[in-house]
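Numbering (the working numbering), first residue to last: 57 to 249.
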């Protein structure tokens, strides 16, 4: 199987390929397709083609790759300790004081991240315009987590998979813009997000 990668240098492109394919350097062959050196108006880059043998399991980042939503979901969405219970109680009280009913559960647990899922009939209001309300609630949760003595953990609030959908749309935008940049050989300015 063959895959193509780009990097600022040959070494960077090869490291990127090894990381994304999940292979050691000696498990694939490299063919350099294109090299452009740094100049006054152009940035240098190297384009390589990687050849792997057989059907090696690949975790390549591509449009057809698994969606970003493949985070490790927890089998047990109920709180495991007092810290998680206090966070859930806090966000429930805040949203109820806003005048909305909500069901809160743990979405995922990672080493330094904790995902909390909000389920409500008023999810669109909780999200707000461009996610501003959800961001504000998330900020409150992170401040409260710091108040509880857990500044090392980042709380991520989500409702109706808004953050996952937003992340996927940004990834798609990045890939399509990157394709345009490669084909036009010009930089493209994106709107503020």
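Quick reminder that beta carbons are idealized off the backbone N, C-alpha and C, glycines included.
It should be emphasised that the depicted structure is a prediction, and the values quoted were computed from it without experimental measurement.
| query | Could you give the distance in angstroms between the alpha-carbon of residue 123 and the alpha-carbon of residue 152? | reply | Unreliable placement is indicated for residue 123, whose pLDDT of 42 sits below 50; no coordinate value is reported for it.
| request: Using three-state DSSP, classify residue 153 as helix, strand or coil. | output: helix
| Buried versus exposed, by CB contacts within 10 Å (16 or more), residue 172 | buried
| Ends of the beta strand (DSSP E) at residue 163? | 159 to 165
| request: Could you check how far apart the C-beta atoms of residue 201 and residue 212 are, in whole angstroms? I think they sit under 8 Å. | output: Not quite, the Cβ-Cβ distance comes to about 11 Å (not below 8 Å), so this is no contact.
| Hey, residue 170 and residue 215: beta-carbon distance below 7 Å or not? | no
| query | Are the beta-carbon atoms of residue 61 and residue 104 separated by less than 7 Å? | reply | yes
| request: Please report the Cβ distance between residue 157 and residue 176, rounded to the nearest whole angstrom; I am assuming they are in contact, meaning their Cβ atoms lie under 8 Å. | output: 6 Å
| query | Which residue's Cα is closest to the Cα of residue 189: 231, 246, 154? | reply | 154
| Which of helix, strand or coil does DSSP assign to residue 215? | strand
| said: For residue 73, count the other beta carbons within 10 Å of its own beta carbon; 16 or more makes it buried, fewer makes it exposed. Which is it? | reply: buried
| query | Is residue 148 near residue 107, with beta carbons less than 7 Å apart? | reply | no
| field | Boundaries of the alpha helix (DSSP H) in which residue 103 is found, first to last residue | value | Per DSSP, residue 103 belongs to no alpha helix (DSSP H); it is in the beta strand (DSSP E), 101 to 108.
| said: Taking 7 Å as the threshold (C-beta atoms), are residue 102 and residue 66 in contact? | reply: yes
| request: Could you tell me which of 168, 167, 178, 165 sits nearest to residue 159, measuring between CA atoms? | output: 178
| query | Under the rule that 16 or more other beta-carbon atoms within 10 Å means buried, what is residue 134, buried or exposed? | reply | exposed
| If you compare alpha carbons, which of 82, 219, 90, 239 is closest to residue 186? | 219
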